[in-house]
Structure formats: C-alpha cells, structure tokens
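Protein chains in written order, with the numbering used here: chain A, 30 to 410; chain B, 30 to 410.
Where is the CB? At the ideal position from N, CA and C, for every residue including glycine.
Notes to accompany the following structure.
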C-alpha cells in the first residue's frame with residue numbers, strides 16, 4: 030500500500046478557479062462556516078451535551094436551529110438527514126406500501142428514481158413538453174393520476190422536482206400541490222436546487238414534505254440534507270423505536286452530525302440573507318444567457334430563466350471542436366487558461382453552468398472569456 | 030428569529046479539556062486531516078472529477094483508498110456509507126426478506142436494533158452472562174440458531190458486536206463466524222469500536238460484512254462509515270439501478286462525500302500506524318483500571334481489559350455524592366476544575382471512560398486527578 034497518496038490532499042478548483050459547476054455553486058462556504066469547522070471538526074463533536082436525541086441538543090443550538098429552519102421554510106417539523114435523496118427515501122419508506130406508485134416529473138433527479146427502487150415502489154412519470162423547453166405542466170399530474178386510478182393502481186406519493194438539475198426549470202409547485210391535495214395524496218417537493226438559493230415557503234406551495242440539500246444549496250459541507258414536514262405526517266415518518274422509544278426509526282437514531290451539521294447552522298444567517306437577493310442572481314443569469322446567445326449559444330429550458338442553472342445547446346462549440354486538434358477538450362482547456370473551471374471536459378454539444386453567487390465583475394469576466402474563446406476560434410479555424 | 034445564536038459557534042471540550050468520552054476518543058483528527066479539510070470544506074468538493082460514481086473517483090484518490098481499505102481490513106470490496114448504522118441497514122435491507130430473524134448479541138448497539146426495525150425484520154438475542162462480566166459466549170449463537178430453526182423461523186443474518194459500547198468487551202468473532210458459516214448464514218461484524226483502533230482482519234474472523242465507523246474510531250469528521258464485504262455478496266448488496274445502471278441502489282447513488290470522506294482518507298496513514306500501537310493502548314487502559322480499583326472503583330466487563338472503553342461501577346462516588354451539596358454533579362464539577370471532561374454529568378453509580386490516544390503523561394494526570402478527588406472527598410465529607 031502506498032500511503033503517500035493520501036498525504037497532502039489538495040484541491041485547486043475551489044480556490045484557484047472561478048467554478049461554474051451548478052452543483053457546486055450553492056455549496057460554497059462563507060467564512061463564518063469555516064470558522065465553525067475549526068471548532069467542530071472532530072467526529073461526534075456536536076454530541077458533547079447530547080441527551081440521546083440529535084434534534085434536541087441545546088449546545089450547540091441544534092434544537093432551536095431546526096425550529097428556526099421550519100419557520101424559514103414555512104413547515105412544521107424539520108430533521109437533518111444525510112441529503113435530499115435520503116429525505117426522499119425516508120418519506121417513501123415510511124408512508125408508502127411496497128408496490129405503491131409514486132407519480133413524479135420526467136425531469137426528476139436520478140436519486141428520486143433510485144429511492145423509489147430502494148423502497149420497492151413503482152412509478153409513473155409526468156412527461157415534459159420536450160425540446161427545447163422541457164417544461165413540466167402541472168396538468169400532467171392530473172392525467173397520470175387519472176390513468177393510474179382507472180387502472181386500479183395504488184398511489185402512495187406525488188413528487189415534484191421544484192427545480193430540476195438538467196434544465197434548471199422552476200416548476201409550478203403550488204398547482205401540483207393543489208392537485209395532490211384535491212386527490213388526497215401526500216405531496217413531496219424536492220427542493221435540492223431551491224431551498225437556500227431562493228425563497229421557498231412550503232405550506233404556501235401546498236407541500237407536505239420538503240427535501241432539501243445542505244451541500245447543494247445551503248452553503249454547507251456535505252453531506253447533509255433536511256426533511257421538513259407538516260405536523261400530521263410526523264407520527265408516521267418520525268415513528269419511535271419499540272426497543273428504544275427515544276429513537277426515531279427512519280433516522281436510525283441520529284443522522285448528520287459534526288461538520289456537515291455545524292456548517293449548515295453556521296451558514297444559516299448567511300443563507301437567510303442571500304435568498305433575499307435572489308432577484309439579483311436571476312439578473313446575472315439572464316445577462317449570461319443574453320450575452321452568450323449573441324455568439325451562438327442557445328439556452329434550453331423555459332425562458333426567461335427563473336433559476337441560475339443554465340443549460341446551453343452549443344452548436345458553435347461543436348463546430349470549432351471539429352477543426353481544433355484538441356477536439357472537444359479545447360473549450361475546457363481554453364477556459365482553464367483563463368482561470369475558469371467546472372465545465373465538463375470534452376463536451377461541446379451542450380453545456381451546463383451557473384454563475385450563482387459570483388460578483389458582477391466575475392460574471393462579466395466569465396462572459397467576456399467565453400465570447401473571446403468563441404470569437405477567436407471562429408476566426409482561427 | 031434570533032440568528033445571532035448561530036454566529037461564533039464554539040466548542041470547548043475538544044480544545045481545552047482532556048476528553049474521556051469513549052465515543053469521542055477515536056474520532057479526534059490528526060493535523061493532516063485538518064489540513065485536508067481546509068482544501069475540501071465546500072459541499073460536493075470531492076466531486077470535481079467525478080464520472081458518476083463516488084467509489085471510482087481518481088482525484089482525490091477515492092478509488093485507490095477503497096481498495097487499500099479492503100486490503101487493510103482483509104475484505105474484498107468496500108464502500109463509504111453515512112456510518113456503521115447505515116452499513117448495517119444496507120446489509121439487512123438487501124440480503125434479508127421482510128420478517129426474517131437477525132440473531133444478535135444482547136450487548137449490541139441500539140442502532141442494530143433500530144436498523145432491524147427499519148428493515149422490518151425480527152430478532153433473537155444471545156444473552157450475555159450477566160453481572161459483572163456481561164460476556165457474550167459464542168456458543169450462545171448456536172443455541173439461539175437451533176431454537177429458531179426448531180420453531181421453523183427464517184434466519185437472515187448473524188450479527189455480532191465486535192466490541193460493545195456498554196462494557197467494552199471484545200467478543201470472539203472468529204468463533205461466532207465459524208458457527209454462522211457452518212449453519213450457512215451470512216455474518217455481519219459491527220466494528221464501530223474496533224476498526225481504526227485495533228487490528229481487524231475480516232476474513233480471518235470469518236466475517237462476510239464489516240460495519241465500520243469513521244467518526245467513532247477512524248479519526249474522521251462525522252458522519253461516515255464503511256461497509257466492507259466479501260465478493261460473493263456484492264451482487265446483491267451493491268445491485269445496480271434499473272433506471273440508472275451506473276448507480277448502486279442501496280447507496281442511493283452516492284453516500285458520504287466532502288469533509289467526512291476526505292478526513293477519513295487523509296487520516297488513513299495515521300490510522301494504519303496507530304493500530305500497530307494497540308498493545309500500548311491496552312497497557313494504558315489496564316493501568317487506569319488498576320489505579321482506580323485501588324480507590325474503590327470496580328471495573329465491569331471482562332478482565333483484563335481488551336479494549337479502551339472502560340465501565341466502572343463506582344460505589345465510592347455514590348457514597349460521596351450523598352454527602353456533597355452538589356450531589357452527583359460533584360464528580361463532573363471536580364473533574365472540570367482539573368481540565369477533564371467527557372464524563373456524563375450527575376451520574377455516579379457507574380461511569381464510562383477511555384484514555385485512548387492520550388499520552389502517558391495525560392493518562393497519569395487523569396488517574397492522579399480522579400484519585401485526588403476521591404481521597405479528598407472521602408476525608409472532607
């Protein structure tokens with residue numbers, strides 16, 4: 030065993046590059062969270078004064094934090110989990126019966142499908158409207174539910190991806206929530222890409238459950254998620270163990286503690302503030318779209334953008350790649366030279382990016398750099 | 030919402046006190062892990078060069094790490110999980126059928142019972158031999174298995190707690206493993222308190238699965254665990270998703286990433302070295318027992334100690350507490366004055382402690398401090 034490979038592990042993307050990877054932009058830590066890490070980096074560090082329940086710890090203030098978080102999200106009860114995917118699995122595993130159907134949007138994250146499989150459930154998808162918008166129409170839920178009911182299938186859960194990770198489309202949660210309510214099914218909203226970036230009020234959206242991600246969108250070290258729910262579901266989802274009546278079965282007692290939890294808490298005041306500036310983030314995003322469409326990029330998904338995750342169709346990059354000796358890697362390479370990272374290497378047909386949380390100066394630099402690469406290459410090749 | 034309570038979160042126990050809490054002694058980070066945190070604290074930080082599978086990431090070297098870890102543990106395949114409890118649940122949920130029996134030791138951690146409940150299984154316990162040793166006799170497994178088979182019950186898994194968290198007893202895993210093998214049942218060894226502290230070779234112990242804990246015993250920031258297994262179980266336990274064939278269903282795609290994983294990796298060379306010095310840790314432990322039994326403490330569990338977790342029956346503290354105006358809190362209070370923490374406040378009937386990883390100088394200081402408190406109080410009251 031060559032143990033030297035585990036010494037001096039370093040990362041360059043975070044510190045030395047402007048990172049455009051959408052899954053990483055919402056998980057960048059503010060300085061206050063970094064300070065808290067220095068205090069709480071040891072294993073079981075938050076457990077110094079634990080009386081047997083993570084969510085009841087007073088020092089550090091986990092208990093108050095979860096209450097504040099519920100208020101922030103306009104829900105009744107919140108628990109830390111290991112991530113949004115685990116939040117979804119917990120809901121499915123506790124309120125659905127084996128074989129039940131989950132009705133979900135075609136744009137759902139892969140983890141929604143995998144959680145369904147792990148919970149031994151079936152699913153029926155609400156299709157998007159295809160190229161180029163890939164929009165999920167709330168009415169689609171009604172049709173899929175009708176169809177399942179007609180076929181005598183048992184529906185256990187309605188799931189909607191608030192903003193999806195493929196196109197960054199914001200779906201109309203309230204409308205889907207109303208349909209779910211009217212038909213009498215519980216409604217889970219996957220907010221991995223929304224809570225912590227933009228304002229989300231669960232009850233206003235008729236959600237029974239919110240699945241949130243600390244490392245994706247709440248400025249926390251991963252992995253940590255939040256499961257927020259309405260009171261009426263707590264008895265089932267947070268049922269206690271018969272052998273250890275203090276412990277919640279679906280959480281296996283305790284879930285995310287230590288650094289992930291402490292950074293989520295330490296970043297909370299920062300997150301509360303930043304969601305208020307969501308309008309400005311949208312401005313930046315729309316500016317990028319406008320600027321890059323001028324040089325031949327084409328934004329996919331709903332227009333105008335209502336979320337920072339942008340997917341571009343980039344025929345102009347494909348064209349250049351055919352003639353550049355680095356092939357598809359030229360774009361990644363040219364960006365790297367300019368101190369920009371986070372774009373999948375080698376891919377030029379479509380690219381995903383986000384400028385969430387960057388300063389206007391950085392946004393302009395990114396736009397200028399990309400335009401320059403395209404212009405230069407168009408001439409040279 | 031008073032957000033100020035989340036600002037400047039500080040912890041004193043780790044930095045300012047000698048911490049005797051057994052669940053925290055094995056999760057103290059070495060400096061090399063702290064350095065790695067500085068590089069990887071952002072959410073999704075280890076995912077910069079991910080091709081869709083956490084366990085295949087080359088930068089940082091997650092893939093090699095898991096292979097090295099399998100060698101270190103003498104097993105075939107390893108995966109990160111969110112903790113030992115999650116490792117246990119994954120095994121139960123994938124290889125047992127609903128209603129199956131898990132045969133486990135009475136000293137098992139509460140999370141073993143809760144995982145059984147979550148997986149909708151039954152259990153039958155192998156009793157310990159009671160006060161004062163609470164020893165688990167491997168032969169007990171044979172009896173419980175016989176009994177279940179006679180009653181026509183389906184057994185899905187044999188589980189043994191390698192070292193339990195109540196008495197710190199080291200059980201004879203190899204003997205239990207042989208029984209499991211002979212009767213044809215899979216054998217899971219819960220190594221949360223052993224792997225990372227003392228040498229553990231899974232196959233030599235006839236284990237099919239090892240559940241390990243990074244934050245408890247492998248010098249990692251929590252929460253992270255390891256599930257190590259024999260090749261023959263991989264197909265079932267690590268089965269792939271039908272919808273996303275690259276993704277492993279029971280892991281919901283990816284499990285522990287970011288700081289927990291990077292600290293586990295960065296601490297690995299340190300952990301490999303420290304398990305070689307296990308003999309010295311036992312010497313320290315036995316020294317503490319010898320010294321404190323002289324002033325009226327009585328060690329519970331098997332003698333001599335084969336693990337650093339010590340449980341004492343402390344009638345002498347109870348006696349003093351009756352006459353001290355601080356009641357049971359006097360001991361916690363007096364220790365605190367001397368810069369020692371990690372003992373449950375208010376409890377004097379029995380105490381749990383560990384000096385794992387402390388220097389000899391610190392161990393002697395702890396012993397001297399406790400003896401002094403007892404001697405002084407015996408005189409004064």
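How is the alpha helix (DSSP H) around residue i delimited, first residue to last?
{"i": "residue 229(A)", "result": "Careful: residue 229(A) lies outside any alpha helix (DSSP H) and carries neither H nor E."}
{"i": "residue 163(A)", "result": "Residue 163(A) -> no alpha helix (DSSP H), and no H or E assigned at all."}
{"i": "residue 366(A)", "result": "358–366"}
{"i": "residue 242(B)", "result": "Premise fails: residue 242(B) lies in the beta strand (DSSP E), 238–242, not in any alpha helix (DSSP H)."}
Measuring straight from C-alpha to C-alpha, what distance separates residue i and residue j?
{"i": "residue 127(A)", "j": "residue 331(A)", "result": "36 Å"}
{"i": "residue 307(B)", "j": "residue 230(B)", "result": "14 Å"}
{"i": "residue 356(B)", "j": "residue 380(B)", "result": "15 Å"}
{"i": "residue 185(B)", "j": "residue 121(B)", "result": "8 Å"}
{"i": "residue 389(A)", "j": "residue 313(A)", "result": "7 Å"}
{"i": "residue 112(B)", "j": "residue 318(A)", "result": "42 Å"}
{"i": "residue 311(A)", "j": "residue 68(A)", "result": "35 Å"}
{"i": "residue 361(A)", "j": "residue 377(A)", "result": "9 Å"}
{"i": "residue 257(A)", "j": "residue 394(A)", "result": "39 Å"}
{"i": "residue 267(A)", "j": "residue 164(B)", "result": "34 Å"}
{"i": "residue 204(B)", "j": "residue 246(B)", "result": "24 Å"}
{"i": "residue 400(B)", "j": "residue 158(B)", "result": "31 Å"}
{"i": "residue 410(A)", "j": "residue 340(A)", "result": "For residue 410(A), the pLDDT reaches just 49, beneath the cut-off of 50, and the residue's location in the model is therefore unreliable, although a value from the coordinates is still provided. Computed Cα separation, rounded: 25 Å."}
{"i": "residue 250(B)", "j": "residue 167(A)", "result": "42 Å"}
{"i": "residue 35(B)", "j": "residue 182(A)", "result": "47 Å"}
{"i": "residue 46(B)", "j": "residue 369(B)", "result": "5 Å"}
{"i": "residue 74(A)", "j": "residue 326(B)", "result": "28 Å"}
{"i": "residue 65(B)", "j": "residue 259(B)", "result": "31 Å"}
{"i": "residue 99(B)", "j": "residue 290(A)", "result": "29 Å"}
{"i": "residue 192(B)", "j": "residue 134(B)", "result": "11 Å"}
{"i": "residue 103(B)", "j": "residue 294(B)", "result": "18 Å"}
{"i": "residue 171(B)", "j": "residue 208(B)", "result": "7 Å"}
Can you tell me which of the options puts its alpha carbon nearest to the alpha carbon of residue i?
{"i": "residue 382(A)", "options": "342(A), 389(A) and 347(A)", "result": "342(A)"}
{"i": "residue 222(A)", "options": "241(A), 208(A) and 212(A)", "result": "241(A)"}
{"i": "residue 261(B)", "options": "105(B), 93(B), 207(B) and 77(B)", "result": "105(B)"}
{"i": "residue 142(A)", "options": "275(B), 88(B) and 294(B)", "result": "275(B)"}
{"i": "residue 212(A)", "options": "199(A), 175(A) and 309(A)", "result": "175(A)"}
{"i": "residue 202(B)", "options": "292(B), 237(B) and 273(B)", "result": "237(B)"}
{"i": "residue 52(B)", "options": "226(B), 166(B) and 116(B)", "result": "226(B)"}
{"i": "residue 385(A)", "options": "33(A), 98(A) and 57(A)", "result": "57(A)"}
{"i": "residue 31(A)", "options": "305(B), 147(B), 140(B) and 95(B)", "result": "95(B)"}
{"i": "residue 248(B)", "options": "72(B), 170(B), 366(B) and 300(B)", "result": "300(B)"}
{"i": "residue 279(B)", "options": "405(A), 204(A) and 119(A)", "result": "119(A)"}
{"i": "residue 49(B)", "options": "367(B), 407(B) and 177(B)", "result": "367(B)"}
{"i": "residue 335(A)", "options": "322(A), 287(A), 254(A) and 315(A)", "result": "315(A)"}
{"i": "residue 38(A)", "options": "287(B), 44(B), 406(B) and 345(B)", "result": "287(B)"}
{"i": "residue 162(A)", "options": "200(A), 374(A), 131(A) and 145(A)", "result": "200(A)"}
Under 9 Å between beta-carbons, which chain B residues line up against residue i? List them in chain order, please.
{"i": "residue 77(A)", "result": "40, 41, 42, 43, 48, 50, 53, 370 and 371"}
{"i": "residue 349(A)", "result": "Those within 9 Å of residue 349(A) in chain B number zero; the least Cβ separation is about 24 Å."}
{"i": "residue 118(A)", "result": "281"}
{"i": "residue 221(A)", "result": "Here the premise fails: no neighbours, minimum Cβ distance about 11 Å."}
Taking the beta strand (DSSP E) that residue i falls in, what are its first and last residues?
{"i": "residue 105(B)", "result": "Here residue 105(B) belongs to no beta strand (DSSP E), and DSSP marks it neither H nor E."}
{"i": "residue 134(A)", "result": "130–134"}
{"i": "residue 342(A)", "result": "339–342"}
{"i": "residue 187(A)", "result": "184–190"}
{"i": "residue 155(B)", "result": "151–155"}
{"i": "residue 37(A)", "result": "Run containing residue 37(A): none; DSSP gives neither H nor E here."}
Who are the neighbours of residue i on chain A, taking C-beta pairs under 7 Å?
{"i": "residue 271(B)", "result": "146"}
{"i": "residue 291(B)", "result": "38"}
{"i": "residue 140(B)", "result": "281 and 282"}
Check the Cβ of residue i against every Cβ in chain B and list those closer than 7 Å, keeping chain order.
{"i": "residue 68(A)", "result": "38, 39 and 40"}
{"i": "residue 274(A)", "result": "In chain order: nothing, as chain B lies at least about 11 Å away."}
{"i": "residue 287(A)", "result": "244, 250, 251 and 252"}
{"i": "residue 114(A)", "result": "281 and 282"}
Beta-carbon of residue i versus every beta-carbon of chain C: anything under 7 Å?
{"i": "residue 191(B)", "result": "Chain labels in this structure do not include chain C; the protein chains are A and B."}
Please list the partners that residue i has in chain B, where partner means a Cβ-to-Cβ separation under 8 Å.
{"i": "residue 155(A)", "result": "Neighbours of residue 155(A) on chain B: none; closest Cβ ~16 Å, over 8 Å."}
{"i": "residue 238(A)", "result": "The contacting residues do not exist; residue 238(A) stays about 17 Å from chain B at best."}
So residue i contacts chain A; which residues on that side make the cut at Cβ distance below 8 Å?
{"i": "residue 294(B)", "result": "35 and 38"}
Original post:
Of all the alpha helix (DSSP H) runs that stay within the bounds of the stretch 255–327 of chain A, which reach a length of 4 or more residues?
Top reply: 260–266, 288–305 and 307–322
**OP:** Starting from the N-terminal side, write out each stretch of the beta strand (DSSP E) that is 3 residues or longer and does not extend beyond the stretch 40–126 of chain A.
**Re:** 106–110
Subject >> Segments of 3+ residues assigned as beta strand (DSSP E) that fall wholly inside the stretch 367–408 of chain A >> reply: 379–382
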